[in-house]
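Okay, so here's the structure we're looking at.
Below, the structure is given as structure tokens:
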């Protein structure tokens, strides 16, 4: 296996809103040396905002609206496991040979690609698409609230795709549920076996730190919200532990660890990679407790890039020829240039700047003179990239979500859903002088897949369909701030939009005539039926048996 591919770790951080995804990402960047001082999502005292929340609207509301990509190199400090301790180390983790092949026992330098996703269900589509581009995921759980609705939905997607997951129980510095109860809840709600690899010493105001079960050592930190602090290593059986955390807590820790060893089977990396077991870590992302333990263990056990399923065949990462797919498009990362950037996940081969690649859907050859790599909003040009990496390609309107790039082979990567919208509003121009800007803004934002645009055949009005109310506010805000165009919304009482197709041309024609005022076209010119109630939809399905009604646009 190519050492460049072997050292890649691409993963998404997912959870319910406000469990602490962005804060955790920020701390990973801090340990990866990408930032010297961590920002906060919402805080009165800390003025710096989080790196991954770079849009104005994200800074104002303290929520993530879009997935951001960050990457950094990370080297694990030499392990300090006592002799004879059973510690599952990967072949690279033993520190015999580093990826560049020099002897000397240096630890490998991993290349970590993080995708920080939005939690709100209004942006779930973005998150679901992101999950198609990663090899593993970290699920963040709030220790006081436990598993919440959005976490369950995202876990279902991970289960369908057999994505390995690690759970991180956050906010241990606040009063919350008992750690054992949380483990039971994770097993029950996420329908996966769990195995704790770190354990909290008390919680809330009395939270002292985290014992690392994976490496069998204890690191005590002084809490600091913005910087990395010195750590002290303590043996489990020593009297020093009693002095540092108090006798009661030390006794409780030893007792808990005995229970864990008795109840849970020993951690086996294979069961994690097959998505049967989820390792669990405890900590407080805000105060830097337990984050380094999570990161160190994660880069050692997490999968390097895995094969990707295409319609034609499975694509292996070690193949010599380049393939990749577009899973996300973002407009205006740089407000000075109205440019779109397409995020391309590399599946196999090696991507080289300025090399000719085939754009499968259009059948054209394209070259990229300035492919970029990301740090949320800052980007730098690269000359090459390997499987597992996420590359930004300048997009002048040629890409759609789900497009494939290859070195000439006809391949199609599928499974990037776009849902049938449930909320509809007509979009009207509020400032006639800015018609052109509004057109451009709507076109670029729809390319991002934030929402879907339908044009009503009956009266030619533009109808925007979304999954949640928050998206309308984001669209309006971005149109005004990024394009200088004002819009206003008018209500449309519709139940669902569904794409229709039929082999029976006569019946299709008859259906269109009868439902003339409920027919629309999407951006690709496909027929869409706008049902104004569930009853109308079910009647239509009964009356016209030869017409197929689709609820996702991929058919």
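In my numbering, the protein residues as written are 21 to 575.
The C-beta atom is built at its ideal place from N, Cα and C for all residues, glycine as well.
Measuring CB to CB, does residue 27 end up less than 7 Å from residue 325? no
Between 91, 227 and 561, which lies nearest to residue 190 when the distance is taken from Cα to Cα? 227
Where residue 182 falls, given that 16 or more other Cβ within 10 Å makes a residue buried: exposed
Inter-stretch contact at 8 Å, needing at least 3 Cβ pairs: the region 468 to 484 / the region 557 to 566: no
In angstroms, rounded to a whole number, what distance separates the CA positions of residue 452 and residue 500? 14 Å
Residue 346 and residue 364: beta carbons closer than 7 Å? yes
Confirm, please, whether the CB-CB distance from residue 419 to residue 512 is below 7 Å. no
Which partner residues does residue 347 have in the DSSP bridge list? Looking at the DSSP assignment, residue 347 forms no beta bridge with any residue, so it has no partner.
Where do the ends of the alpha helix (DSSP H) carrying residue 231 lie? Taken as a continuous stretch (DSSP letters only), residue 231 belongs to no alpha helix (DSSP H), being part of the beta strand (DSSP E) at 229 to 232.
Quick one: what does DSSP say residue 176 is sitting in, helix, strand or coil? helix
Assuming residue 151 contacts residue 298 under a Cβ cut-off of 8 Å, what Cβ separation, rounded to an integer in Å, is found between them? Between residue 298 and residue 151 the Cβ distance is about 15 Å, and since that is not below 8 Å, they are no contact.
May I ask you to report which of helix, strand or coil DSSP gives residue 282? helix
Separation of residue 374 from residue 415, as counted between CA atoms: 15 Å
Euclidean distance between Cα positions of residue 339 and residue 566: 44 Å
Return the bridge partner residues of residue 20 from the DSSP annotation. Lying before the first or after the last residue shown, residue 20 is absent from the chain, which here runs from 21 to 575.
Is residue 319 helix, strand or coil when you go by DSSP? helix
Have a look at 188, 225, 471 and 316 and flag the residue whose alpha-carbon is nearest the alpha-carbon of residue 493. 471
Please say whether residue 528 and residue 522 have beta carbons closer to each other than 7 Å? yes
Three CB pairs or more closer than 8 Å across the region 299 to 311 and the region 40 to 55: yes
Under 8 Å by Cβ, that's how I've got residue 313 and residue 301 pegged, so tell me the actual separation to the nearest angstrom. 6 Å
Using only CA atoms, which one of 170, 215, 446 and 550 lies nearest to residue 292? 215
The alpha helix (DSSP H) that contains residue 385, what's its start and end? Not the alpha helix (DSSP H): residue 385 falls in the beta strand (DSSP E), residues 384 to 386.
Short of 7 Å in beta carbon distance, which residues of its chain neighbour residue 376, apart from the five on each side in sequence? Order them along the chain. 385 and 387
Return the residue from the list 253, 431, 321 and 390 that minimises the CA-CA distance to residue 343. 431
For residue 400 and residue 413, what's the separation of their Cα atoms in angstroms? 12 Å
Here's a check: name, in chain order, each residue in its chain whose Cβ is nearer than 7 Å to the Cβ of residue 196, leaving out the five neighbours to either side. 163, 164 and 223
If you reduce the DSSP assignment to three classes, tell me which class residue 104 lands in. Low confidence applies to residue 104: its pLDDT is 35, below 50, so where it sits in the model is not reliable enough to give any reading.
Below 8 Å on the Cβ atoms is my contact criterion, and I expect residue 156 with residue 185 to pass it. Report the Cβ-Cβ distance as a whole number of Å. 7 Å
Got a sec? Which residues, its chain only, sit under 6 Å from residue 287 by beta carbon, not counting five neighbours each side? 215
Distance CB(residue 154)-CB(residue 94) smaller than 7 Å: no
Bridge partners of residue 36, per DSSP? According to DSSP, residue 36 bridges with nothing at all.
Please list the terminal residues of the continuous alpha helix (DSSP H) segment that includes residue 462. 455 to 467
Classify residue 349: buried if its beta carbon has 16 or more other beta carbons within 10 angstroms, exposed otherwise. buried
Hey, quick one: how far does the beta strand (DSSP E) through residue 216 stretch, first residue to last? 213 to 216
For residue 156, which residues does DSSP report across the bridge? 31
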